[in-house]
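Undergrad: Let me begin by handing over the structure; questions about it come next.
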Amino acid sequence: MLDNLGELRRTHSCGALRDEQVGQSVTLMGWVARRRDFGPLTFFDLRDRDGITQVVFNEETAREAHAKAKDVRGEYVIAVTGEVVRRDESQRNAKIATGGVEVQAREILILNDARTPPFQIEVASSDGLASEDLRLKYRYLDLRRPQLQANLRLRHRAVAEIRRYMDEQGFTEIETPILIKSTPEGARDYVVPSRTFPGKFYALPQSPQLFKQLCMIAGLDKYYQIAHCFRDEDLRADRQPEFTQLDVEMSFATTEQIYTLIEGLFARVFKLIGVELQTPFPRLSYAEAVGRYGSDKPDLRFGMELQDLAPALEGTPFPPFASALESGGQVKGIVVKGGANLSRKSLDELQEHAKRYGAGALAWVKLGDELSSSLLKALGEDAVRRGAETAGAGGGDAVLIIAGKPKTVAASLGALRNEVARRDKLIPEKTYAPLWVTEFPMFEFNDEDGRYYPMHHPFTSPLDEDLPLFERAVEGGETELLRGMRAKAYDAVMNGSEIGGGSIRIHRRDVQRLVFKALGMTEEKARERFGFFLDALEYGTPPHGGIAFGIERLVMLLAGTENIRDVMAFPKTASAADLMIDAPGAIDPQQLDELHIGIAKQ
Ligand code: ASP
């Protein structure tokens, strides 16, 4: 029943035929995406990775092929030989690249049959897609979708371009191991038990951080890697437990050199989608980004900056504002252009949104024909008008106001800014707004355990001018000073998402010791975790720095998708399961024995 391929070869892909091939005899191979039977005429849409071509079986001119085509169902694999003909003007399909022509089949080989797929593979719009879990279980079928095929090819082109560029810039691609020891990125490790060392474990790299620094100590000078990384953290829409990053490190590097290198790289990669990125990218210090946009990854595709309302509220008796301002907090607002017509319901929804990010309440002012405001009773008309004016609001606008600790105000008002922009469609499509966020704080204070944590990782260098402060903080016991310490750390941000981050590293043993001490890590503890690295630092470490980019995030931007699974071939679910291969899975008791592992009763 099934035919052999024999020596038959494809002459064209299913996306190749145009008017120029009219009259030629061609052989195409692929999957039957759709079939329509009109008695003496049967039409197939034949699909391969390149596109779709319409094939016609005509009972009159190719009786045998027409009869055989009757047995063919969706997703059968066939080879067709026939003549390319121009379609009638009225039949031309502008939606597909081959839509001006079709193939009049003379012969068909049925190379393989197929079970009826558990879901329809090609759908007119993403609304028609089957549930994602079902598609992940049959990922090899979902991957036949032209959109996913295009994404994977785009990803390939982006990575190929990155490799070309890094090579031109004199970087060497170096592979670092996967079975290693805990790395310092701050997420949970995936671990692998050792058979040869009972009771010991490898950790999978959260990044190649220490290895790339060791490459610098080794004198390799310019390193990069398209590196696989593993982080066992609670997953969000744009995260996966294993992902790929472009990992870069260079010796004797200044931040300026790193910015220039990466801006050049981005300009090249975005050319792939026909976008000319303006370089150099704008820069904002962390303090500025958080102050003006409420976020360390601001979306610069629209304005709506946070406005400080404190000057208008000096001496206010209104308790929520007064107590915020007296205790080092803030009162800030954003202006919603044309927001005077915001409904009660919209305001309630926005308030709910702000609360999710920690805000206690949302105050508002609407400058409609009449002034209305949730603050009218508490502040009086004059103060409300002054506040709106300070925010820069005009007639017809609204001001949304939040008071509280600076962190809460930034987080909730920053989130509101994004939400209002989304609702009001203020975000222009196909616009790319990159920037550098610089001078990150060196440490983050955790209120829960009362400890300082590195904001980037503990190998990040402080700003040179902050070094004396650092010594006072650690050696002089003025721990509070740690809060103000800035790092030579930077993030690359685009359209509101962090796509990369890095830092100039510590190359001096004495500074590294201070950092561990600031983090409350004893010498012994530091040696236990990073002893090999601390030893290496003593053998002539050049000043160095680097950066890493999430390849998936980058390709998501290029492909215009918000789902990270759209740019990976075999992704996992939000609970880190692979539904297709059914992983994670149990292993044989014998394997457990070999690994000296017992499973505790659940
Ligand atoms: N290792 C860092 C990360 O993976 C990046 C870097 O500092 O280069 O986020």
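Mapping of the sequence shown onto our numbering: residues 642 to 1243, in sequence order. All C-beta atoms, glycine included, are put in the ideal place defined by N, C-alpha and C.
1) Bridge partners for Gly671 per DSSP, in chain order?
2) Report buried or exposed for Gly1045, applying the criterion of at least 16 other Cβ atoms within 10 angstroms of its Cβ.
3) Could you tell me the alpha carbon to alpha carbon distance between Phe1211 and Tyr1073, rounded to whole angstroms?
4) So, under 8 Å CB-CB, Pro1103 and Met1083 are touching, yes? Tell me the CB distance rounded to an integer number of Å.
5) Is DSSP giving Ala657 helix, strand or coil here?
6) Note down, one range per segment and in chain order, each alpha helix (DSSP H) of at least 4 residues found wholly within the stretch 861-926.
7) Would you kindly work out how many angstroms separate the C-alpha atoms of Asp1132 and Gly1141, rounded to a whole number?
8) Can you tell which of Gly723, Val1134, Glu1164 has its C-alpha closest to the C-alpha of Arg604?
9) What residue range does the beta strand (DSSP E) around Val1134 cover?
10) For Thr1101, which beta-bridge partners are listed by DSSP?
11) Report whether the distance from the Cβ of Gln732 to the nearest heavy atom of the ligand ASP is below 7 Å.
12) Quick check on Val1156: buried or exposed, where buried means 16 or more other Cβ atoms within 10 Å of its Cβ?
13) Comparing C-alpha positions only, which one of Leu649, Asp808, Glu1060, Asp754 sits nearest to Phe943?
14) I want to check one thing, is the minimum distance from the CB of Ile1140 to the heavy atoms of the ligand ASP below 7 Å?
15) Can you check which of these residues, Gly1143, Tyr717, Met945, Leu918, is closest to Lys1129 by C-alpha distance?
16) Counting along the chain, where does the beta strand (DSSP E) carrying Gly1045 start and finish?
17) Note down the Cα distance separating Gln695 from Met670, rounded to an integer number of angstroms.
18) Following a CB-centred definition, is Ser848 positioned closer than 7 Å to any heavy atom of the ligand ASP?
19) Quick check: the Cα distance between Gly1186 and Ala1224, rounded to an integer number of angstroms?
20) Using only alpha-carbon positions, find the residue among Ile693, Leu988, Leu752, Ser772 that is nearest to Val742.
21) Within the continuous alpha helix (DSSP H) that includes Asp1023, where are the two ends?
22) From Leu750, Leu643, Lys778, pick the residue whose C-alpha is nearest to that of Pro759; which is it?
23) Give the DSSP bridge partners of Asn1087, in chain order.
24) Considering only heavy atoms of the ligand ASP, does any lie closer than 7 Å to the CB of Ile1192?
25) Out of Val976, Glu1235, Glu1089, point me to the one whose CA is closest to Ala1032's CA.
26) Would you check whether the ligand ASP has a heavy atom nearer than 7 Å to the C-beta of Gln886?
27) From Lys863 to Cys856, what distance separates their C-alpha atoms?
28) Could you tell me the distance, in whole angstroms, from the CA atom of Ala998 to the CA atom of Glu1139?
29) Hey, Thr885 and Ile867: beta-carbon distance below 8 Å or not?
30) To the nearest angstrom, how far is it from the Cα of Thr895 to the Cα of His653?
31) Determine the extent of the beta strand (DSSP E) in which Val833 is found, giving its start and end residues.
32) Under the criterion of a Cβ to heavy atom distance below 7 Å, does Ala894 qualify as lining the ligand ASP?
33) Quick one: what does DSSP say Tyr934 is sitting in, helix, strand or coil?
34) How far does the alpha helix (DSSP H) with Phe1174 in it reach, from first residue to last?
35) What does the Cβ neighbour count give for Gly970, buried or exposed, with the cut at 16 atoms within 10 Å?
TA: So, from the data block:
1) Looking at the DSSP assignment, Gly671 forms a beta bridge with Ile719.
2) Gly1045 should be labelled buried.
3) Approximately 28 Å, taken between the alpha carbons.
4) Contact between Pro1103 and Met1083 holds: their C-beta atoms lie close to 5 Å from each other, under 8 Å.
5) It is coil, neither helix nor strand.
6) Qualifying alpha helix (DSSP H) stretches, in chain order: 896-912.
7) Cα to Cα, the separation comes out at about 6 Å.
8) Because the chain spans 642 through 1243 in this model, residue 604 falls outside it and cannot be assessed.
9) Here the beta strand (DSSP E) through Val1134 covers 1130-1135.
10) Beta-bridge pairing links Thr1101 to Arg1146.
11) Distance from the C-beta of Gln732 to the nearest heavy atom of the ligand ASP is not below 7 Å.
12) Around the C-beta of Val1156, 16 or more other C-beta atoms lie within 10 Å, and the residue is accordingly described as buried.
13) When only C-alpha atoms are compared, the closest one is Glu1060.
14) Placement of the Cβ of Ile1140 at a distance of 7 Å or more from every heavy atom of the ligand ASP is found.
15) Ranking Gly1143, Tyr717, Met945, Leu918 by Cα distance to Lys1129 puts Gly1143 first.
16) Element bounds for Gly1045: 1039-1045.
17) Taking the straight line joining both Cα atoms gives about 12 Å.
18) The answer is yes for Ser848.
19) Spanning the two alpha carbons is a distance of roughly 37 Å.
20) Val742 has its Cα closest to that of Ile693, out of Ile693, Leu988, Leu752, Ser772.
21) Segment 1022-1032, the alpha helix (DSSP H) holding Asp1023.
22) When only C-alpha atoms are compared, the closest one is Lys778.
23) In DSSP, Asn1087 forms a bridge with Arg1092.
24) No, the ligand ASP has no heavy atom inside 7 Å of this Cβ.
25) Closest in alpha carbon position to Ala1032, among Val976, Glu1235, Glu1089, is Val976.
26) Under cutoff, so the answer is yes.
27) Our two residues, Lys863 and Cys856, have alpha carbons roughly 8 Å apart in a direct line.
28) The sequence shown places Tyr at residue 998, not Ala. Cα to Cα, Tyr998 sits roughly 19 Å from Glu1139.
29) In contact: Thr885 and Ile867 (Cβ atoms closer than 8 Å).
30) Approximately 51 Å between the Cα atoms of the pair.
31) Under the DSSP assignment, Val833 falls in the beta strand (DSSP E) whose first and last residues are 832-834.
32) No, the Cβ of Ala894 stays beyond 7 Å of every heavy atom of the ligand ASP.
33) Note: Tyr934 maps to helix in three-state DSSP.
34) Start and end: 1164-1178.
35) With 16 or more Cβ atoms within 10 Å of its Cβ, Gly970 is classed as buried.
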